[in-house]
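4 protein chains.
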Amino acid sequence: MKLTKSRLAHIVFESDDAASKAFDVVLLILILGSVAVALLDSVASYRLVYGDLFYTLEWVFTVLFTIEYLLRLYLTRRIAGYVFSFYGIVDFLAILPAFLSLVIVDTQFLVVVRALRLLRVLRVLKLGRYMMEASLLQEALWASRRKIQIFIGSVVTIVLVMGTVMYLVEGPEAGYTSIPTSMYWAIVTLTTVGYGDIIPLTPLGKFMSSFIMLLGYGIIAVPTGIVTAEMSAQMYKRKGEELVECQNCHAQNHDRDAYHCKYCGTKL
Amino acid sequence: MKLTKSRLAHIVFESDDAASKAFDVVLLILILGSVAVALLDSVASYRLVYGDLFYTLEWVFTVLFTIEYLLRLYLTRRIAGYVFSFYGIVDFLAILPAFLSLVIVDTQFLVVVRALRLLRVLRVLKLGRYMMEASLLQEALWASRRKIQIFIGSVVTIVLVMGTVMYLVEGPEAGYTSIPTSMYWAIVTLTTVGYGDIIPLTPLGKFMSSFIMLLGYGIIAVPTGIVTAEMSAQMYKRKGEELVECQNCHAQNHDRDAYHCKYCGTKL
Amino acid sequence: MKLTKSRLAHIVFESDDAASKAFDVVLLILILGSVAVALLDSVASYRLVYGDLFYTLEWVFTVLFTIEYLLRLYLTRRIAGYVFSFYGIVDFLAILPAFLSLVIVDTQFLVVVRALRLLRVLRVLKLGRYMMEASLLQEALWASRRKIQIFIGSVVTIVLVMGTVMYLVEGPEAGYTSIPTSMYWAIVTLTTVGYGDIIPLTPLGKFMSSFIMLLGYGIIAVPTGIVTAEMSAQMYKRKGEELVECQNCHAQNHDRDAYHCKYCGTKL
Amino acid sequence: MKLTKSRLAHIVFESDDAASKAFDVVLLILILGSVAVALLDSVASYRLVYGDLFYTLEWVFTVLFTIEYLLRLYLTRRIAGYVFSFYGIVDFLAILPAFLSLVIVDTQFLVVVRALRLLRVLRVLKLGRYMMEASLLQEALWASRRKIQIFIGSVVTIVLVMGTVMYLVEGPEAGYTSIPTSMYWAIVTLTTVGYGDIIPLTPLGKFMSSFIMLLGYGIIAVPTGIVTAEMSAQMYKRKGEELVECQNCHAQNHDRDAYHCKYCGTKL
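Chains as they are written, first to last, in the UniProt record's numbering: chain A, 1 to 268; chain B, 1 to 268; chain C, 1 to 268; chain D, 1 to 268.
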């Protein structure tokens with residue numbers, strides 16, 4: 001089997017035969033490998049011992065990702081469409097860090113770009129069948145956007161007011177050095193994270209903290225209630241839409257239990 | 001276009017043309033700016049450097065808010081109605097801090113009043129379209145007020161009893177210096193905040209803490225269940241409000257856009 | 001109006017006229033007051049200053065509660081029935097601490113009995129109208145008792161296994177001094193309380209902790225799902241039962257949307 | 001009553017008469033006792049005093065479990081089927097630790113195997129009636145596997161990206177010594193556990209932490225919503241499985257005990 005351009009495009013873009021599946025698996029290993037190297041490279045003790053190996057591997061990954069990127073550029077029909085698509089940008093970012101490290105001195109921040117390579121996994125996973133589920137989640141969130149906005153607005157107000165009050169009640173001695181710091185404490189408390197780096201010391205402060213804790217404990221019911229109610233409603237709705245077409249008026253959105261078209265009365 | 005009183009009232013109270021929209025945007029910026037200044041002013045290092053700027057800005061905001069307040073007093077039809085309305089009081093509180101700081105020595109507590117300016121954002125946002133959603137939330141909470149009261153009563157009883165027991169079990173050495181302090185710990189634990197400022201040291205104390213943690217972990221399901229069930233019920237109820245009954249078979253669950261009964265085909 | 005025995009019984013047991021309502025209010029104040037004194041008495045600084053006052057007040061409450069208890073004994077029809085009822089025992093416990101403190105030296109533990117006086121509030125609140133809601137909660141819990149047992153069983157198994165594993169992985173240096181202590185840590189982590197008194201130090205320990213945290217984060221969905229689903233189902237069920245009686249067969253449990261009796265077909 | 005092989009098999013495998021029930025109770029006590037001894041043996045102070053007793057007891061349990069294991073081997077019809085079944089392996093593991101401790105020097109890890117004896121409780125509890133409930137839970141989880149995968153994928157991405165960013169923002173001084181450590185912190189924060197062993201120190205770090213906390217607080221609604229919606233749907237589905245259709249008006253939502261259509265009165 002000759003490696004024509006169309007054959008190569010099949011291997012790169014599809015995943016329905018041995019060669020294209022192998023390409024996907026190799027790509028997946030490379031992506032996960034490159035992210036793993038970036039993580040391990042940040043551990044001081046590993047860097048000390050394996051620093052050179054990590055550096056070499058990073059260049060190996062970069063060269064391979066560059067070849068892949070050029071290959072996609074060569075194989076794609078609309079180059080501009082690919083370059084500026086979501087995956088095109090992610091692919092480009094994947095080869096950027098190593099090259100940038102040649103010209104920039106402080107390359108610390110590049111590690112974030114290297115971590116973002118994980119997003120390339122999405123392409124390999126061919127998430128088509130997950131899209132319907134994801135869109136269900138998205139619809140549920142979108143349908144309840146106003147309730148969510150009210151919720152976020154309430155949380156921001158509670159955090160600002162409680163943060164300001166606790167700043168006055170406790171003061172800098174207890175760690176509430178400023179209102180922003182005090183608001184940070186309010187978020188830590190309201191979300192029930194509770195680091196314990198800033199804690200109320202006075203009886204009044206403890207009383208008000210108790211209040212904000214119980215508030216946070218109860219308020220968590222609201223987003224849960226919103227999302228659950230919307231998801232239940234949409235599951236119910238989706239099940240109801242069977243898409244049986246009426247022979248007379250061609251309407252499609254009939255309920256599953258319908259015997260007659262709801263628009264013209266024709267028997268389905 | 002001459003700036004008549006009615007034109008001015010339109011700019012201040014409405015938001016449907018360029019001038020009135022600009023007024024809203026400027027007001028929004030002023031409100032957020034004044035809150036931001038109050039927050040930054042509480043950070044010691046910023047205050048040291050920019051203290052004079054913050055002081056000047058606070059007076060600028062106060063003067064502008066005073067002009068706005070007087071304008072509203074002048075433009076409104078029923079002065080008393082405005083002055084004692086929710087927004088009237090919030091508007092008045094917004095201009096109070098700076099003036100009060102001239103006559104009072106300890107002005108620390110005024111920062112809370114300055115933070116409350118955030119509430120003025122509500123007016124600018126013209127929250128009409130959110131009201132239906134908010135009322136849905138409110139109805140859900142109101143409909144389940146008795147369940148919520150039972151829940152709060154149970155939480156208070158658990159906190160009092162567990163707080164007293166832990167005060168006896170652990171005692172002052174572990175930080176449980178008094179029953180109120182011990183109840184504060186019980187709230188911190190039951191709500192899963194877990195600061196770690198007071199922790200059980202004895203095996204019995206740890207065992208009882210584990211019990212209260214699992215209780216708190218399970219009990220959180222109750223408010224969530226309450227709110228979710230009520231919200232689902234109300235969404236269902238609202239949707240059902242426009243039930244059309246079929247004259248032939250009495251089926252009621254027709255879609256809003258249906259012209260014929262989906263069961264027997266009779267015209268609705 | 002003469003204070004006959006039946007009049008007295010009315011005042012004590014009912015709450016539908018001025019005198020009986022006043023009795024309830026006074027009793028409520030006494031109960032809350034006696035609990036408040038018990039709490040404040042445990043604060044060392046208050047005890048130092050007001051110790052004598054607290055002691056006197058405790059005796060005043062005890063005398064008044066004793067009079068009330070004797071009154072109830074005198075007024076009730078079935079003395080044994082009252083004495084061994086829930087409220088009878090709570091009432092008796094309320095007068096016990098002060099008398100016991102005369103004969104026992106170490107009276108520390110009596111403070112729990114004093115805190116339990118809060119339960120007497122239940123009687124004053126006359127919780128009749130809350131009973132239906134409480135029974136709805138109870139039914140929901142009872143209907144899902146098996147799911148809850150499975151859930152608790154799973155949690156206990158996770159805690160035991162993860163606690164044992166972490167005891168091996170981290171060892172005594174990190175605070176995991178024994179398996180019970182390690183299980184205490186597992187509960188603190190699984191319930192997302194997170195005191196921070198015992199924390200994993202090794203990379204492997206941190207990895208396993210991350211796993212148990214995500215497990216706890218996800219597993220909290222299960223009790224919530226159980227309670228919510230049951231409560232929704234029961235609300236739906238209750239609404240559906242309208243109790244319209246069929247003229248022909250006297251069946252009562254017809255749906256709200258029913259036009260004909262589902263047993264005999266008679267028009268309702 | 002002679003102790004034949006079939007009689008013995010009845011006692012061991014069933015639990016419907018006095019002898020077989022007694023066997024189950026004794027087995028339950030032995031299992032819980034052996035786990036309790038393993039736990040207490042790990043407490044240094046207990047081991048010091050009761051170490052010899054614990055060692056003896058462990059051998060007593062092992063001998064008894066070995067007898068039971070051999071008995072099951074002798075009584076079962078298909079030996080291979082039993083040996084490689086779930087319970088067969090658990091039974092074998094239960095007798096392993098003591099024997100292994102004779103040949104291995106570092107027997108620390110055997111304590112995990114000893115803790116796993118708890119799984120044997122499952123057999124004694126004869127969990128048949130719980131299986132339907134458990135399968136309902138399982139079905140709910142399985143039906144929402146894609147939503148759960150999307151959720152876990154999102155959590156992993158958030159943890160990786162936020163961990164990398166916080167590693168850059170805070171750096172090793174604040175405890176964010178490497179990206180893996182920083183990801184551990186992100187999990188501790190996102191799940192609202194909040195140990196407080198690693199905390200942000202810079203204003204930017206605190207701001208980003210606040211963001212991840214609120215994200216975690218809100219995101220917990222998603223698994224809850226998923227599980228609840230699925231469980232509600234399945235409860236509804238199970239109830240609806242016996243839909244009877246009316247011949248006249250095609251209504252389907254009749255109760256299980258209905259004889260006539262509730263809409264038109266036609267006999268079902």
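Every residue gets a Cβ at the ideal spot worked out from N, C-alpha and C, and that includes glycine. Since this is a predicted model, take the numbers as computed values, not measurements.
Legend entry - Spatial distance of residue 168/D from residue 116/A (CA atoms): Within the fourth sequence, the letter at position 168 stands for residue 168/D. Within the first sequence, the letter at position 116 stands for residue 116/A. A direct Cα-Cα distance of roughly 14 angstroms separates residue 168/D from residue 116/A.
Inset, instruction - Tell me whether the beta-carbon of residue 179/C lies closer than 8 angstroms to the beta-carbon of residue 101/D. - result: Along the third sequence, read from residue 1 onward, the residue named residue 179/C stands at position 179. Along the fourth sequence, read from residue 1 onward, the residue named residue 101/D stands at position 101. Residue 179/C places its beta carbon 8 angstroms or farther from that of residue 101/D.
Inset, instruction - Determine which residues of the region 18-42 of chain A have a Cβ less than 9 angstroms from any Cβ of chain D, and write them out in chain order. - result: Identification of residues in the region 18-42 of chain A having a C-beta nearer than 9 angstroms to some C-beta of chain D yields 35, 38, 39, 40, 41 and 42, given in sequence order.
Inset, instruction - Find out if the Cβ-Cβ distance for the pair residue 165/B, residue 190/B is shorter than 8 angstroms. - result: The residue given as residue 165/B occupies position 165 in the second sequence. The residue given as residue 190/B occupies position 190 in the second sequence. No, these two residues do not count as a Cβ contact at 8 angstroms.
Legend entry - residue 165/B: contacting residues in chain C (beta-carbon distance under 8 angstroms): Counted from its first residue, the second sequence places residue 165/B at position 165. Simply 112.
Inset, instruction - Check residue 81/C in the structure and name its three-state DSSP category. - result: Indexing the third sequence from 1 puts residue 81/C at position 81. If DSSP states are grouped into helix, strand and coil, residue 81/C belongs with the helices.
Legend entry - 7 angstroms Cβ cut-off: residues of chain D touching residue 194/B: To locate residue 194/B, count along the second sequence from 1; it is residue 194. 194, listed in chain order.
Legend entry - Boundaries of the alpha helix (DSSP H) in which residue 52/B is found, first to last residue: Counting from 1 along the second sequence, the entry for residue 52/B is found at position 52. DSSP places residue 52/B in the uninterrupted alpha helix (DSSP H) bounded by 44-75.
Inset, instruction - Taking only beta-carbon positions, decide if residue 152/D is within less than 8 angstroms of chain A. - result: Here the question's residue 152/D lines up with position 152 in the fourth sequence. No, because no Cβ of chain A sits closer than 8 angstroms to the Cβ of residue 152/D.
Inset, instruction - Name, going along the chain, the residues of the region 79-104 of chain B whose beta-carbon falls closer than 9 angstroms to a beta-carbon of chain C. - result: Shown here is that no member of the region 79-104 of chain B has a Cβ falling below 9 angstroms from a Cβ of chain C.
Legend entry - Beta-carbon separation (whole angstroms), residue 64/C vs residue 37/C, contact threshold 8 angstroms: Along the third sequence, read from residue 1 onward, the residue named residue 64/C stands at position 64. Along the third sequence, read from residue 1 onward, the residue named residue 37/C stands at position 37. Incorrect: roughly 13 angstroms between the Cβ atoms, too far for contact.
Inset, instruction - Give the range of the alpha helix (DSSP H) segment to which residue 18/D is assigned. - result: Along the fourth sequence, read from residue 1 onward, the residue named residue 18/D stands at position 18. Per DSSP, residue 18/D belongs to the alpha helix (DSSP H) from 18-41.
Legend entry - Backbone secondary structure at residue 192/C - three-state DSSP: Mapped onto the third sequence, residue 192/C falls at position 192. Three-state result, residue 192/C: coil.
Legend entry - Closer than 8 angstroms to chain A by CB, residue 208/D: Here residue 208/D is taken as the residue at index 208 of the fourth sequence, counted from 1. At a cut-off of 8 angstroms between beta carbons, residue 208/D makes no contact with chain A.
Legend entry - Helix, strand or coil at residue 176/B [DSSP, three-state]: By 1-based counting over the second sequence, the position of residue 176/B is 176. Residue 176/B carries a coil assignment under DSSP once its states are collapsed to helix, strand and coil.
Inset, instruction - State whether the region 201-208 of chain B contacts the region 203-210 of chain A, with contact taken as three or more CB pairs (one from each stretch) at a distance under 8 angstroms. - result: Under the three-pair Cβ rule at 8 angstroms, the region 201-208 of chain B does not count as touching the region 203-210 of chain A.
Legend entry - Residue from 200/A, 154/A and 193/A whose Cα sits closest to the Cα of residue 172/A: To locate residue 172/A, count along the first sequence from 1; it is residue 172. Ranking the options by Cα distance to residue 172/A, first place goes to 200/A.
Legend entry - Selected residue, minimal CA-CA separation from residue 140/B, among 233/B, 123/B, 216/B and 44/B: Within the second sequence, numbered from 1, the residue matching residue 140/B stands at position 140. The residue from 233/B, 123/B, 216/B and 44/B with its alpha-carbon nearest to that of residue 140/B is 233/B.
Inset, instruction - Quick one: using the 10 Å Cβ neighbour count with 16 as the cut-off for buried, is residue 209/A buried or exposed? - result: Counted from its first residue, the first sequence places residue 209/A at position 209. Residue 209/A should be labelled buried.
Legend entry - Distance between residue 72/C and residue 86/C (C-alpha atoms, nearest Å): For the purposes of this step, residue 86/C is taken as the residue at position 86 of the third sequence. For the purposes of this step, residue 72/C is taken as the residue at position 72 of the third sequence. The straight-line gap from Cα to Cα measures roughly 14 angstroms.
Inset, instruction - Identify the continuous alpha helix (DSSP H) that holds residue 219/C and give its terminal residues. - result: Within the third sequence, numbered from 1, the residue matching residue 219/C stands at position 219. Where residue 219/C is concerned, the enclosing alpha helix (DSSP H) stretches over 203-219.
Legend entry - When 77/C, 162/C, 84/C and 197/C are compared against residue 175/C, the one with the closest alpha-carbon: Here residue 175/C corresponds to residue number 175 of the third sequence, with the count starting at 1. Ranking the options by Cα distance to residue 175/C, first place goes to 197/C.
Legend entry - residue 137/B Cβ short of 7 angstroms to the ligand NAP heavy atom set: Among the ligands in the structure shown, none appear at all, so the ligand NAP cannot be discussed.
Inset, instruction - Determine, using beta-carbon pairs with one atom in the region 214-232 of chain D and one in the region 138-152 of chain D, whether at least three such pairs fall under 8 angstroms. - result: Here the region 214-232 of chain D lies against the region 138-152 of chain D, with 3 or more beta-carbon pairs under 8 angstroms apart.
Legend entry - Residue nearest to residue 135/C in terms of C-alpha spacing, selected from 80/B, 151/B and 125/B: On the third sequence, residue 135/C is found 135 positions in, with the first residue counted as 1. Ranking 80/B, 151/B and 125/B by CA distance to the CA of residue 135/C puts 151/B first.
Legend entry - Chain-ordered neighbours of residue 143/D on chain C, where CB pairs are closer than 9 angstroms: Here the question's residue 143/D lines up with position 143 in the fourth sequence. What residue 143/D touches in chain C: nothing, since even the nearest Cβ is about 12 angstroms away.
Legend entry - C-beta neighbour in chain D for residue 228/B, strict 8 angstroms: Here residue 228/B is taken as the residue at index 228 of the second sequence, counted from 1. Yes, its Cβ sits closer than 8 angstroms to a Cβ of chain D.
Inset, instruction - Report the three-state DSSP secondary structure of residue 299/C (helix, strand or coil). - result: Nothing can be reported for residue 299/C, as the shown portion of chain C is limited to 1 through 268.
Inset, instruction - State the Cα-Cα distance for the pair residue 182/C and residue 183/B, rounded to the nearest angstrom. - result: On the third sequence, position 182 is the one that residue 182/C refers to. On the second sequence, position 183 is the one that residue 183/B refers to. Rounded to the nearest whole angstrom, the C-alpha separation of residue 182/C and residue 183/B is 25 angstroms.
Inset, instruction - Could you pull out every residue in the same chain whose Cβ sits closer than 8 angstroms to the Cβ of residue 16/A, ignoring the five residues on either side in sequence? - result: Position 16 of the first sequence holds residue 16/A. Within the same chain, residue 16/A has no close Cβ partners at all.
Legend entry - CA-to-CA distance, residue 119/D to residue 275/D, given in whole angstroms: Since the first and last residues shown for chain D are 1 and 268, residue 275/D lies out of range.
Inset, instruction - Give the interface partners of residue 217/B over in chain C, defined as CB-CB distance under 7 angstroms, in chain order. - result: On the second sequence, residue 217/B is found 217 positions in, with the first residue counted as 1. By Cβ distance, chain C contributes 191 and 220.
Inset, instruction - Report the residue from 77/B, 53/B and 90/B whose alpha carbon sits nearest the alpha carbon of residue 31/B. - result: For this step, residue 31/B is matched to residue 31 along the second sequence. Minimum Cα distance to residue 31/B is reached at 90/B.
Legend entry - Interface flag, residue 224/B vs chain C, CB-CB below 8 angstroms: Locating residue 224/B in the second sequence gives position 224, counting from the first residue. So yes, residue 224/B belongs to the interface.
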